[in-house]
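Quick notes on the structure that follows.
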Amino acid sequence: MTRFALRGILGRKLRTVLTALAIVLGVAMVSGTFVLTDSIAKAFDAIFTEQYRGTDAVVTGKSAFVLTNNNTTAQPSFDESLLAKVRGLPDVRAALGGVAAQAHLIGKNGKAIVFGGAPNLGFSVDPSQPAFNSLSLVDGTWPKDSEVVVDRSTASKKHLHVGDTIGVQAQGPVVQFRISGLVKFGAVSTIGGATLAGFDLASAQSLFDKRGKLDDIRIAAKAGVSPGKLVAEVQEILPPETRVRSGSSQATSDAKDTNGFITFLQTFLLAFGGIALFVGSFVIANSLSITIAQRMREFATLRTLGASRRQVLASVIVEALVMGVVASLVGLFLGLALAKGLFKLFDVVGFTLPNNGLTFETRTIVVALAVGIVITLLASLRPAFRATRVPPIAAVREGAVLPPGRFARFRVVGAIATAALGFAGLLLGLFGHGLGTKGVLVLMGLGALLIFIGVALFASRLVRPLAVVANPVARWTVFILSVLAWPLFALPFWLLRFGAWGSSSTGKRALAFVGGAVLNPLLLVVALAMIVRKAATRWNPEWPAEFPGVLADHSATSIGSENSQRNPQRTASTAAALMIGLALVTLVATLAAGIIKPFEDAVNKIFTSDYAITAQNNFDPIPVSAARAAASTPGIDAIASVRGGDGRAFGSTIQVSAVDRSIGRVITIDWKNGSNTVFEALGANGAFVDDGYAKKHKLSVGSPIALLTPKGETLHLVLKGIFKPPTGGSPFGAVTISSSAFDAHYDQPQNLFSFVAMRGGVTDANTVALTNALKSFPNAKAATRDQFVKNQISFLKNILNILYVLLALSVVVSLFGIVNTLVLTVFERTREIGMLRAIGLTRRQTRQMIRHESVITALIGAVLGIILGLILGGLLTARVKEIVFVVPVTQLIVFTIASIFVGIVAAIFPARRAARLSPLEALHYE
Amino acid sequence: MSSAGGSPLSGAGSTTTEAVVVARDLTRTFGAGDTAVQALRGVSVDIEAGKLTAVMGPSGSGKSTLMHILAGLDKPTSGTVELAGTEITTLGDNDLTKLRRQHIGFIFQFFNLLPILDARENVLLPLTIAGEKPEDGWFDELIGQVGLGDRLKHRPAELSGGQQQRVAIARALVSRPTVVFADEPTGNLDSSTSGEILELLRKSVETYGQTTVMVTHDARAAAMADRILLLADGVIVRELPRSDAHEILMAIEELNRR
Ligand SMILES: Nc1ncnc2c1ncn2[C@@H]1O[C@H](COP(=O)(O)OP(=O)(O)OP(=O)(O)O)[C@@H](O)[C@H]1O
Ligand SMILES: [Mg+2]
């Protein structure tokens with residue numbers, strides 16, 4: 008029997024390929040994700056290992072608690088006197104002190120050099136101790152005073168050469184350095200988009216505002232001394248705000264953040280692979296169901312020849328298994344190509360990922376294959392069991408229909424129960440208490456999954472009414488789209504073919520051909536290919552063809568519409584695949600709109616002055632001196648800043664912010680207790696919080712707050728005021744103190760935003776003046792309120808676009824699903840289409856008929872998906888108070904039109920097949 | 015009248031050959047209520063071993079229904095069928111499957127070959143399904159008999175109707191079933207091809223003693239049979255011994271006149 012299953016696959020190549028594609032894409036996504044993230048992880052691993060080459064132990068500053076990784080606060084530095092003490096230890100062979108901080112290289116255009124979100128690393132280098140040096144010179148010399156070495160990839164991308172002068176901005180204004188050499192980092196082929204800037208120790212210390220201080224001491228042990236012994240020895244003499252680790256454990260600790268990021272990226276991308284596979288399973292189940300219905304007579308014949316139900320089941324499952332294996336293998340290797348492509352793509356957009364060659368782990372192979380095969384098998388189960396229900400007598404009965412499954416009568420109840428269970432899971436995840444983030448996500452994911460399955464099962468009941476509604480919509484949108492596309496596609500294509508084969512004067516034909524080529528040069532290629540094919544083979548293109556019109560043929564579309572309702576189950580299953588993608592896209596759009604709207608409101612409410620100063624990338628902290636420089640702008644009325652850092656209060660790590668006394672002149676907030684005088688009264692120990700935080704910790708004006716700083720000091724604060732943040736949030740952290748208090752207890756304080764009020768408000772002259780004042784801080788920029796909102800949202804928009812692209816994958820899978828259903832349907836209706844052709848249906852009408860069915864199916868999927876997406880969005884926004892429910896009308900219209908496009912594109916190939924059936928052949932077909 | 019005499023048309027007990035299929039009081043009703051159709055209204059029949067039995071009758075008289083029930087494809091509304099000593103109307107799907115493998119062969123009007131398999135594979139299909147191998151020489155002999163020698167590698171789509179039915183006959187015979195059922199095996203073929211196919215069926219009965227039941231509309235086909243059952247309105251109204259086409263036509267005329 009197995010052999011027949013294999014034969015079945017080979018005998019139905021097109022169907023198998025179309026069905027398998029659904030799995031190929033999902034598996035490719037899974038394997039691509041693994042390859043990509045493994046490769047990044049390996050590259051980072053190489054970087055971190057290289058970093059501590061020759062280092063047996065490392066002394067670093069130690070914060071009082073684990074810092075968050077939003078990079079407002081760095082590990083505290085320590086006094087450089089420690090170095091001498093370390094060097095004096097008996098087992099220490101060598102020790103090297105260094106400093107490191109963010110340092111922006113300033114390009115020739117005066118802008119900071121940034122590649123995507125990659126870091127800009129500045130550090131001290133000491134060539135006299137090469138054992139500790141993970142850099143190697145590729146050109147020039149090591150830096151002396153007022154000199155810098157930069158990495159060669161930045162140098163080549165930005166055309167920097169040894170001897171050039173380059174600006175560097177770190178803790179203060181831009182300082183000019185001479186490039187003394189170009190370096191590369193160990194054996195790592197690319198370290199991603201990070202820029203490297205190395206200085207001699209003294210220059211680095213002054214540039215980073217760390218005079219007399221160090222960030223780390225690297226220590227090499229004398230021969231025969233184990234790192235453990237060395238660490239223990241160093242430990243003895245360490246002051247409390249420092250720690251010592253072995254080189255390897257320091258590398259592991261450094262890698263923690265990146266590993267966290269990589270794990271997140273992996274989970275995130277895998278989720279989309281999972282969605283694509285889920286959609287793929289619908290496509291497979293549907294294709295197999297249709298195929299099995301069409302092969303009923305074959306199964307019945309097998310039964311009369313003595314095949315048992317088990318054998319029929321096995322033959323279908325083996326067929327699915329083989330398909331699953333092949334599709335997963337193809338997907339696995341496609342994933343490899345995908346990862347390669349993604350590296351290239353990121354590189355092109357400037358976000359170079361660290362890359363040290365692609366990593367193809369055994370785990371990738373195992374997981375990708377297992378997932379693909381298991382999903383295919385699961386999807387084949389229902390169709391396979393239905394196949395076993397084909398009675399032997401179907402071998403002799405004309406037009407026998409597949410008997411309904413044993414559970415068919417429970418279908419509606421089952422569908423509703425499944426969806427209800429899904430909603431229950433979702434609601435429990437959203438509103439239940441005491442679930443971890445993981446638990447919430449798992450519950451919500453499972454809930455959504457069940458909802459999709461439930462709705463898909465129920466959808467066959469909705470096909471008729473929805474098709475009735477979709478019919479005119481499909482007709483009109485296709486008409487409008489045809490009108491729009493007519494001059495660019497239909498007309499030039501006809502003109503080109505007329506030019507090639509028309510029976511008219513040479514002049515007219517030449518004119519037509521040129522006209523067509525001008526209107527759409529792309530079609531010229533197609534036409535040329537057709538001409539070559541006609542000349543080279545016996546192929547006969549359709550000519551003369553009707554002059555292209557745009558009006559939908561009413562009778563053709565009517566048949567198409569009826570056809571879509573003929574087998575509601577099939578239409579529903581096909582549409583359901585698209586529904587999933589659309590529901591998720593709608594959900595994402597709804598959430599984005601729900602975040603953006605209150606954010607805009609909040610900014611408009613709080614930001615009542617004229618300009619805001621932020622980093623070029625809108626979120627990095629900027630040196631405090633930038634605000635000082637801006638303060639000297641002529642015409643300035645007021646400038647006040649918000650700083651940020653990590654802190655710990657009431658047992659949890661929080662975001663601490665700090666404000667200037669005059670902040671009340673540039674922003675407006677609603678006070679619950681207190682007024683703008685709170686800003687001035689903060690002093691050395693005053694604080695204010697938002698009402699949510701106050702409520703959570705039962706605080707009222709006068710309450711004490713003990714705030715632990717990263718350096719280990721405890722500030723005993725007194726609550727001076729409570730404010731009500733708007734829904735969209737505020738620029739403040741959980742606890743806000745005065746900037747003078749902040750600067751006294753935090754190293755290298757940095758601003759998140761500075762707000763500026765100018766005399767005369769926003770004017771071109773003021774903008775120029777402010778920008779000029781910031782000239783020596785190229786990483787800072789001034790933005791008006793509208794620009795500020797846009798800048799802040801741009802990050803969200805980028806994420807949104809990434810989500811859309813990833814979800815598009817599952818929409819593509821569902822597109823294949825529609826193609827597949829249509830191809831199978833055309834195949835099944837060969838006789839019928841032949842009959843229609845025989846009684847006068849033209850090729851164009853045939854194409855329109857198929858296309859209309861396709862568009863209606865797509866529209867049903869779109870409508871169901873959008874409704875479902877809005878419901879899911881509504882539930883989520885009800886849960887998260889920072890997000891409001893906003894219907895993203897424009898996006899929904901775009902999605903609907905995109906779905907119609909999916910329908911049109913999906914129909915191209917099947918419609919061509921149907922149109923090419925000759926009436927005679929079709930009637931002959933058995 | 016038939017040689018079996020006036021009493022039970024089945025002629026049970028009156029012949030020396032043993033019966034391999036024994037049906038008693040079969041009725042079959044399709045649908046229910048107003049639209050109910052009584053396809054069989056009490057048929058008793060014995061199919062004798064080693065003989066070719068033809069079933070004839072007007073369209074809608076219940077021939078196919080009877081055959082389906084005898085072959086275990088359909089269940090009677092009442093009555094019993096014993097095939098090779100087993101009561102089959104109460105058998106479950108698994109036992110029926112086993113019974114089919116061992117005792118039943120089918121020849122269909124529309125051939126029902128598997129389009130993806132070549133002729134050889136189609137012929138061997140019942141054995142493959144049962145996980146068996148053909149006896150030595152049997153397959154070659156069979157292929158020689160049906161005259162397919164040079165066509166074994168062809169797929170059904172590359173064969174003529176007659177050739178396809180030859181494949182189907184070989185397929186029905188390959189497992190040497192107790193009884194072969196054929197519903198209008200020539201219904202889809204032209205008359206000269208029909209003749210060849212009928213010759214083949216006749217030969218299989220004579221050479222191998224293959225018990226065969228054949229439903230047909232064609233008096234010429236029935237003339238090849240050892241015994242002819244005439245069905246009308248769901249009952250066997252008459253039975254003829256081996257007769258020539260003319261006699262059969264006369265008998266049918268007579269029926270129609272009644
Ligand atoms: N599956 C069915 N459902 C309902 N009625 C049926 C079914 N099968 C057969 N019948 C009815 O039972 C009666 C006998 O049908 P049957 O197919 O046995 O006739 P037949 O003698 O084989 O006719 P023909 O020579 O046309 O093949 C007919 O009236 C037919 O309409
Ligand atoms: Mg019949």
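Which chain is which? The protein sequence lines are Z and Y, in order.
Just so we're aligned, residue 8 is where the first sequence starts under the numbering used here, counting upward by one.
Just so we're aligned, residue 15 is where the second sequence starts under the numbering used here, counting upward by one.
Don't be surprised by glycine CBs; every beta carbon is placed ideally from N, CA and C.
A636/Z and T791/Z have their alpha carbons spaced roughly 18 Å apart. Contiguous alpha helix (DSSP H) elements confined to the region 523-570 of chain Z occur at 528-543, taking only those with 4 or more residues. Boundaries of the alpha helix (DSSP H) harbouring I809/Z: 792-835, taken from the DSSP string. The beta-carbon distance between V59/Y and L203/Y, rounded to whole angstroms, is 27 Å. This is too long to meet the 8 Å contact definition.
For T111/Y, the nearest CB of chain Z lies under 7 Å from its own CB, placing it at the interface with that chain.
The three-state reading of DSSP puts H166/Z in coil, since its state is none of H, G, I, E or B. Only residues of its own chain outside the window of five on either side were considered, and among them T40 have a CB closer than 6 Å to the CB of L276/Z, listed in chain order. Here the region 650-664 of chain Z lies against the region 757-771 of chain Z, with 3 or more beta-carbon pairs under 8 Å apart. Using a cutoff of 6 Å, the CB of A53/Y counts as near ligand 1, since one of the ligand's heavy atoms is closer than that.
In the displayed model, F289/Z falls within a helix according to three-state DSSP. Contact residues of the region 314-326 of chain Z toward chain Y are A314, S315, R316, R317, Q318 (C-beta to C-beta distance below 9 Å). For V286/Z, the CB contacts under 7 Å within the same chain, skipping 5 residues up- and downstream, are A584, I587, G588, S817, V820, S821 in chain order. Ligand 1 never approaches T230/Y closely enough for any of its heavy atoms to be under 6 Å from the residue's Cβ. For secondary structure counted as the alpha helix (DSSP H) over 4 or more consecutive residues, the region 300-363 of chain Z holds these complete runs in sequence order: 303-311, 316-355. From the listed residues V251/Y, G209/Y, L156/Y, L128/Y, the smallest Cα separation to G56/Y is found for V251/Y. Not one beta carbon of chain Z lies nearer than 7 Å to the beta carbon of D150/Y. Distances between the C-beta of T79/Y and the heavy atoms of ligand 1 include at least one below 6 Å.
Against chain Z, the CB of I143/Y has a partner CB under 7 Å away; the residue lies at that interface.
If you look at K612/Z, you'll find it in the alpha helix (DSSP H) that goes 575-613. Under DSSP, P255/Y takes part in a beta bridge, and its partners are R241/Y. Within the region 402-425 of chain Z, those residues whose Cβ lies closer than 7 Å to any Cβ of chain Y are, in chain order, A402, V403.
Contact between the region 149-163 of chain Z and the region 195-211 of chain Z is present: three or more C-beta pairs spanning the two stretches fall below 8 Å.
Going by beta carbons, V160/Y and A184/Y fall inside the 7 Å limit. Of all alpha-carbon atoms in V73/Z, G68/Z, V93/Z, D560/Z, the one lying nearest the alpha-carbon of F85/Z is that of G68/Z. Of all residues in the region 102-133 of chain Y, the ones placed with a Cβ closer than 9 Å to any Cβ belonging to chain Z are D107, N108, L110, T111, K112, L113, R114, R115, Q116, I118, G119, F120, F122, Q123, F124, N126, L127, L128, P129, I130, L131, in chain order. By the criterion of at least three beta-carbon pairs nearer than 8 Å, the region 279-294 of chain Z is not in contact with the region 74-92 of chain Y.
Distances from the CA of L360/Z to each of S88/Z, A346/Z, P733/Z were compared; the closest alpha carbon is that of A346/Z. Taking a Cβ-Cβ cut-off of 8 Å, the neighbours of I400/Z in chain Y comprise H82, L87, D88, given in sequence order. Contact of R302/Z with chain Y is not assigned, every C-beta pair being separated by 7 Å or more. Distance from the CA atom of A918/Z to the CA atom of A53/Y, rounded to whole angstroms, is 44 Å. The Cβ atoms of T172/Z and I120/Z do not sit closer than 7 Å to each other. Where V157/Z is concerned, the enclosing beta strand (DSSP E) starts and stops at 154-158. Taking a C-beta distance under 7 Å as the contact criterion, S467/Z and Q576/Z qualify as a contact pair. Contact of L269/Y with chain Z is not assigned, every C-beta pair being separated by 7 Å or more.
Residue contact check for G18/Z against chain Y: a CB pair falls below 7 Å. Excluding the 5 residues flanking it on each side, D617/Z has same chain C-beta neighbours closer than 8 Å at V763, A764, M765, G768, V769, N773, T791, R792, in chain order.
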